[in-house]
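Heads up, the sequence shown is in this note's numbering, so the first residue is 15 and it goes up one at a time.
Cβ coordinates follow ideal geometry from the N, Cα and C atoms, glycine included.
Since we're looking at a predicted model, the values are computed, not measured.
Single-structure report; data block below.
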Amino acid sequence: MIGVFAYQGELAAINDWSPLLEYLNTAIPEHRFYIVNRDLEGLREALKANELDLVITNPGYYIEMESEFGISRIATLVSPEAETPARALGAVVFTRASNTQLRDLSDLSGKTVAAVAPHGFAGYLIAARELAQHQVDPETDIKEMRFVGLPMGGIIGMVQRGEVDAGIVRTCLLETAAKEGLLRMEDFRVLSPRKFEGFACVSSTPLYPDWPIAVTRRTDATLAKAVARALLAMPPIRDGVSWTVPADYQPVHELYRELRTGPYTYLRDITPEALARRFWPWLLGIVIVLTGWVIHTIRVEYQVMRRTAELQDSLNARKAAENRMRAHQEQMEHLSRLSILGELSGNLAHEINQPLTTIGTYARTVLRRQASGILTPDAIAEACAEIASEADRAGGIVQRIRHFARKRVATREPVVLRAIAQEAVRLIVGMLAHTPDIIIEDRAEGKGVVLADGPQIQQVLLNLIKNAIDAARDLPPDRQTVRLTIEASDEHVQVHLDDHGAGLAPDQRAHLFEPFFTTKPDGLGLGLPICKTIIEAHGGRLWAEDNPDGQGMRFSFSLPGAWHEHAT
Ligand code: ADP
15 MIGVFAYQGE
25 LAAINDWSPL
35 LEYLNTAIPE
45 HRFYIVNRDL
55 EGLREALKAN
65 ELDLVITNPG
75 YYIEMESEFG
85 ISRIATLVSP
95 EAETPARALG
105 AVVFTRASNT
115 QLRDLSDLSG
125 KTVAAVAPHG
135 FAGYLIAARE
145 LAQHQVDPET
155 DIKEMRFVGL
165 PMGGIIGMVQ
175 RGEVDAGIVR
185 TCLLETAAKE
195 GLLRMEDFRV
205 LSPRKFEGFA
215 CVSSTPLYPD
225 WPIAVTRRTD
235 ATLAKAVARA
245 LLAMPPIRDG
255 VSWTVPADYQ
265 PVHELYRELR
275 TGPYTYLRDI
285 TPEALARRFW
295 PWLLGIVIVL
305 TGWVIHTIRV
315 EYQVMRRTAE
325 LQDSLNARKA
335 AENRMRAHQE
345 QMEHLSRLSI
355 LGELSGNLAH
365 EINQPLTTIG
375 TYARTVLRRQ
385 ASGILTPDAI
395 AEACAEIASE
405 ADRAGGIVQR
415 IRHFARKRVA
425 TREPVVLRAI
435 AQEAVRLIVG
445 MLAHTPDIII
455 EDRAEGKGVV
465 LADGPQIQQV
475 LLNLIKNAID
485 AARDLPPDRQ
495 TVRLTIEASD
505 EHVQVHLDDH
515 GAGLAPDQRA
525 HLFEPFFTTK
535 PDGLGLGLPI
545 CKTIIEAHGG
555 RLWAEDNPDG
565 QGMRFSFSLP
575 GAWHEHAT
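Structural data, given as structure tokens:
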């Protein structure tokens, strides 16, 4: 059975295609051919119902059905109007000759246009593509696109009566009607008219391939072959119509793709708008999540900033407090150093006086000898050497006191405890008239090194030594000896200061490290608290206990060792 697309209506189709039917029935007698004339929907239904073996339709419907039902062309029509079947079909957009406004396709913007149907190939789509090329969007720029259906002849009448500004029909329809005396070409004007070589009719668009005849999926292969062979061999019938090898329908595909219709309708779905329409719930979700995230981030950022500012403030406040404390502490230390000096300097005048007296004596001796005329160069040299040595002694005492009393800022460097202890002892010996024996015993074997502020540690030692001397001041000389022991392990250095003094009653010992606790008439009670602060600031510990010898007290401090650093 042959299905034919009847664009001019069923009756016209029967007339058109009956010579072909006759030919096929004669050429292939073992088969009986029938023709059914259908509109697009009719053809579709027949294909769906699997009723057709052959389909003759326009190129547009052909590619639609090709993709939908898998029909496949075996020959292309050759019309008498077109020399090349590949360029045989176009659309004519026309108006009444009296309508002088419309000359070009671009003039159609805002006008009323009649066409066959949104799917119509020559009756709409070919013209629609051309309109688009003339910057007129057929879907939005035309005032009204009136789809009036088949047959196409109706459109000519509408234009003639002025019901629409322009009409769209396939090429050659006007010329054929004129030939049949149904109209006069001069009554109409074709918009953007074009003439093509080898094509008899006027067109408003480029030309596309002519109608194909196609086999369907159910068509028997031998029958398909026989039909193809018969068609190619068919002499021109019905006004010179014949068949040739199938044309290339690629231009038709391009048209559909460009207009995003037929098999290419899906292309409409991938425009940004279409995607947005399809996925808007997702987009909305993403936007909400993103907004939430942004707000959250900003909030967190703000909170972090606020917390950082608060922390910074409190850090600054702490730093300021620490600075104040350090300043106080330095002041206290200074005060305490001065106080030790004050206590020690009772005899200072006497100490300095001694070298001065000696210097004076030597000077006078020289003068006397000169007066007596017995001054020898040797005597001058001896006197001067003694004078110089005594002056050095006095200078040394003054120097050490000045060094110790200086106001200074804490530092940290490797300090050899034995050296510091010896310096402290020298200072004390230099200032006191009668100093008891102070024995330094270094058992640290080179490990008696701490990372510390030397003068501060010296101050601690001075304090402890002075207290030890004070504790045995009124006791027999054998109890006045003070022993300083330095011991070291790998991690720590310990210093013990042992005296054989009067010791301290247990209830008083509890207050030993409290500020202003003193049992001495001229005491300040600041020495030990300051020593404790200094040692603890160095990461160490200071404590008091009974002298393990049995008499007097032992004051000890322990500091982290630093002999490694000293070695390097
Ligand atoms: P100060 O020497 O001005 O009194 P310190 O803080 O150095 O201040 O000492 C506080 C008190 O601790 C001293 O008055 C003394 O009673 C007691 N003390 C310190 N060292 C000894 C010691 N080695 N033996 C006995 N008592 C001591």
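Under 8 Å, do residue i and residue j count as touching if we go by C-beta distance?
i	j	result
H539	P529	With the sequence shown as reference, residue 539 is identified as Gly, and His is not the correct amino acid for it. Yes. Within cutoff.
A111	F19	no
G276	I16	no
I452	I471	no
T126	K157	yes
D521	D563	no
S218	L119	yes
L164	V204	no
A41	A244	yes
I227	I88	yes
G575	H506	yes
A60	L116	no
P94	G195	no
A288	L297	no
A502	Q494	no
A482	G515	yes
G460	W577	yes
R175	E272	no
A96	G212	yes
M199	L188	yes
L476	I354	yes
L381	R414	no
I549	F571	yes
F569	A551	no
A466	R426	yes
With DSSP as the reference, identify every bridge partner of residue i, one or two as the case may be.
i	result
E153	Partner(s): none; E153 has no beta bridge.
V229	L68 and S86
Y222	L103
F202	R110
R208	S217
L91	W257
G553	According to DSSP, which records beta bridges pairwise, G553 is partnered with nothing at all.
P132	Per DSSP, none; premise fails for P132.
N51	V18
E501	Q508
M159	V127
E559	R568
P574	H506
E427	A466
V314	Per DSSP, none; premise fails for V314.
A96	F213
Within 10 angstroms of its Cβ, does residue i collect 16 or more other Cβ (buried), or is it exposed?
i	result
T582	With a pLDDT of 47 at T582, under the threshold of 50, the modelled position of that residue is not reliable, and no figure is offered here.
G566	buried
T8	Look at the range of the chain in this structure, 15 to 582, and you will see that residue 8 is not part of it.
A347	Correcting the residue type first, residue 347 is Glu in the shown sequence and not Ala. Label assigned to E347: buried.
N337	exposed
Y280	exposed
P469	buried
V463	buried
F418	buried
W294	exposed
L304	exposed
T230	buried
A235	exposed
Beta-carbon within less than 8 Å of residue i's beta-carbon, same chain only, minus the 5 sequence neighbours each way: which residues are those?
i	result
V443	T449 and I452
S455	Strictly speaking, residue 455 in this sequence is Glu, with Ser absent from that position. Same-chain partners within the cutoff: R497, L498, T499 and I500.
L436	Correcting the residue identity first, residue 436 is Gln in this sequence and not Leu. Excluding positions up to five away in sequence, the list reads I454.
P369	E404, A405, R407 and A408
I434	G468, I471, Q472 and L475
Here's a check: name, in chain order, each residue in its chain whose Cβ is nearer than 6 Å to the Cβ of residue i, leaving out the five neighbours to either side.
i	result
D155	S123
W31	V18 and I49
A261	T90, P99, A100 and P223
A136	L103, A105 and R184
D484	none
A519	none
Under 7 Å Cβ to Cβ from residue i, same chain only, skipping five residues before and after it: list those, please.
i	result
F47	I16, L35, L38 and N39
Y270	I77, G276, P277 and Y278
P132	Y138 and F161
At a cut-off of 7 Å, is residue i close to the ligand MG when judged by its beta-carbon and the heavy atoms of the ligand?
i	result
M339	This structure lacks the ligand MG; the ligands present are the ligand ADP.
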